[in-house]
Amino acid sequence: MSRALLRRGVLALLPLVLLSLAFVVMRHELRELSAAAMMRALTSIPRERIAWAVVCAASNYLALTLYDVLALRHLGRRLPYRQVGFASFVGYAFGHNIGMSFLTGGGVRYRLYSARGLSAWDVARVGTFNALTFWSGLLAVAGGALVVDAGQGAMSALSLRPGVARGLGLGMLGVLGAYLVACARVRRTLKVPRLGVELSLPTLRHAVAQVAVSCMDWTLGAMVLWVLLPPGAGIQPASMVALFAVAQLLGIASQVPGGLGVFDSVILAALTPEVPGAVVLGTLVVYRVIYYLLPFAVASLMLVGHELSLHRGQVAQWWGRRRQEG
């Protein structure tokens, strides 16, 4: 079998595999959320706050598309935003829900970007650049929160001593500072002998843009949860962003898609007893529906529509044969 034929076969099967995974994950998550719990949570939260949460989630996914915009600009590849935004949104929606984002989101990107002339290596470099963008914002937000909050307030859920919390925060900010210095002063291409690959560092300007875009991503993501909380929750937006970043960091370390369970337990520990545990859990249910399941469903439909439009000739022939047979 030729390499070109194998490549076409993989590209043809990839959407089916991803959509099958999407169906399995969607079914699993909906089974975990009982209808009674969802209804109680939905009825206890005013519609205005749910609407604001949807707006924040949409803005967050819009901000996530800027990850790919920066990555492609760094690679010197210019594509129309409608193509970049489509691939980025679908990739992140799948990665957030299925897990192993570099593989699942990268698979979606490869399927969509390969039709635009990007190679598998280009898509891998986009994924690497996006990972740097993601971590730069996380280091900035979580590091700054630990230094300022020092394990108190919302961060008390971590049970860290103030000195330890500040030390961790300063360490995170130090790593971020070292990255920015490397982008400003180190040669642009770094060789990794053991892996046999080369990493291309962005310019300082692009690195600063990475931090800005990622911080915007983290802030909007936290606001989805914050606007759903009752007014008497007693947590300010800045503290919510800090708590959200640290809880997500622990969720990422667990390797569970969406940090399910780990993220929720950190938020629950931080917000109770000021907010009743049942209210926090109900809010987290609605948060997951808005931030994970709703974009996931939209992205799945978009991917199906994209595949049907690419193969509309075959679909029309199949439909014609079915009508003749019927």
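Each position in the sequence shown, counted from 1, maps to that position plus 774 in this note's numbering. Backbone N, C-alpha and C define an ideal beta-carbon position, used for all residues, glycine too.
1) Among the residues of its own chain, which have a CB less than 7 Å from the CB of I748, if the five just before and after it don't count?
2) Got a sec? Which residues, its chain only, sit under 7 Å from Y841 by beta carbon, not counting five neighbours each side?
3) By alpha-carbon positions, which one of G1079, Q1010, A983 ends up nearest to A919?
4) CB of V897 to nearest heavy atom of the ligand FAD: below 6 Å?
5) Would L1106 and L913 qualify as a contact pair, given that the criterion is a beta-carbon distance under 7 Å?
6) My output table needs one value for V1101: the three-state DSSP class, helix, strand or coil.
7) Beta carbon of A894, beta carbon of L1023: below 7 Å?
8) Can you tell me whether R899 is buried or exposed, with buried defined as 16 or more other CB within 10 angstroms of its CB?
9) In the DSSP assignment, the alpha helix (DSSP H) including T902 goes from what residue to what residue?
10) Quick one: Cα of Y887 to Cα of T1057, how far?
11) Looking at C-alpha atoms only, which residue of S910, V1054, C957 is the closest neighbour of V985?
12) Whole angstroms is fine: what's the gap from G948's alpha carbon to V1015's?
13) Starting from R851, trace the alpha helix (DSSP H) both ways and give me its first and last residue.
14) Buried or exposed: where does T993 fall if 16 or more other Cβ atoms within 10 Å of its Cβ makes it buried?
15) Under the three-state reduction of DSSP, which class applies to I1009: helix, strand or coil?
16) Using a threshold of 7 Å, state whether the C-beta atoms of V882 and V858 are closer than that.
17) Determine the burial state of G880: buried for a count of at least 16 other Cβ atoms within 10 Å of its Cβ, exposed for fewer.
18) Identify whether V1040 lies in helix, strand or coil by the three-state DSSP scheme.
19) What is the DSSP secondary structure of E1081, counted as helix, strand or coil?
20) Taking the beta carbon of S1083 as the centre, do at least 16 other beta carbons fall within 10 Å, making it buried, or is it exposed?
21) Kindly give me the distance between the Cβ atoms of V1001 and A1021, rounded to whole angstroms, as I take these residues to be in contact under 8 Å.
22) Using 10 angstroms around the beta-carbon of L1165, count the other beta-carbons present and answer buried if the total reaches 16, otherwise exposed.
23) Please report the residue range of the alpha helix (DSSP H) in which G1051 lies.
In short, the structure shows the following:
1) Outside the shown range of the chain, which is 775 to 1100, sits residue 748, and nothing can be said about it.
2) Here residue 841 refers to the residue found at position 67 when the sequence shown is read from its first residue. Closer than 7 Å at Cβ, skipping near neighbours: S862, N904, T907, V987.
3) As a first step, residue 919 is located in the sequence shown; it is residue number 145 there, counting from the start. The shortest C-alpha separation from A919 is found at Q1010.
4) The ligand FAD is not among the ligands present in this structure, which contains no ligands whatsoever.
5) Limits of the chain in this structure are 775 at one end and 1100 at the other, which puts residue 1106 out of reach.
6) The first residue shown for the chain is 775 and the last is 1100, placing residue 1101 beyond what the model contains.
7) The residue you call residue 894 lines up with position 120 of the sequence shown. The residue you call residue 1023 lines up with position 249 of the sequence shown. Their beta carbons are not under 7 Å apart, which means A894 does not touch L1023 by this criterion.
8) As a first step, residue 899 must be located in the sequence shown, where it is residue number 125. Buried is the call here.
9) Locating residue 902 in the sequence shown gives position 128, where the first residue counts as 1. Where T902 is concerned, the enclosing alpha helix (DSSP H) stretches over 894-923.
10) Walking along the sequence shown from the start, residue 887 turns up at place 113. Walking along the sequence shown from the start, residue 1057 turns up at place 283. Near 37 Å, if we compare the C-alpha coordinates of T1057 and Y887.
11) Indexing the sequence shown from 1 puts residue 985 at position 211. Checking every option, the nearest Cα to that of V985 belongs to S910.
12) As a first step, residue 948 must be located in the sequence shown, where it is residue number 174. As a first step, residue 1015 must be located in the sequence shown, where it is residue number 241. Straight-line Cα distance between these residues: approximately 20 Å.
13) Translated into the one-based positions of the sequence shown, residue 851 becomes position 77. Per DSSP, R851 is not a residue of any alpha helix (DSSP H), being assigned neither H nor E.
14) Sequence index remark: in the sequence shown, residue 993 carries index 219 (1-based). Buried: at least 16 other Cβ atoms inside 10 Å.
15) Along the sequence shown, one-based indexing puts residue 1009 at 235. Reduced to three states, the DSSP call for I1009 is coil.
16) Counting from 1 along the sequence shown, the entry for residue 882 is found at position 108. Counting from 1 along the sequence shown, the entry for residue 858 is found at position 84. No. Outside cutoff.
17) Walking along the sequence shown from the start, residue 880 turns up at place 106. By the neighbour-count rule (16 or more Cβ atoms within 10 Å), G880 is buried.
18) For the purposes of this step, residue 1040 is taken as the residue at position 266 of the sequence shown. Helix, per DSSP.
19) Numbered from 1 along the sequence shown, position 307 holds the residue referred to as residue 1081. Looking at E1081 - three-state DSSP - the assignment turns out to be helix.
20) Indexing the sequence shown from 1 puts residue 1083 at position 309. Exposed, since its Cβ has fewer than 16 Cβ neighbours within 10 Å.
21) By 1-based counting over the sequence shown, the position of residue 1001 is 227. By 1-based counting over the sequence shown, the position of residue 1021 is 247. Cβ-Cβ separation between V1001 and A1021: approximately 17 Å, too far for a contact (criterion under 8 Å).
22) The requested residue 1165 does not occur in the structure, where the chain is confined to residues 775 to 1100.
23) Counted from its first residue, the sequence shown places residue 1051 at position 277. Its alpha helix (DSSP H) spans residues 1051-1062.
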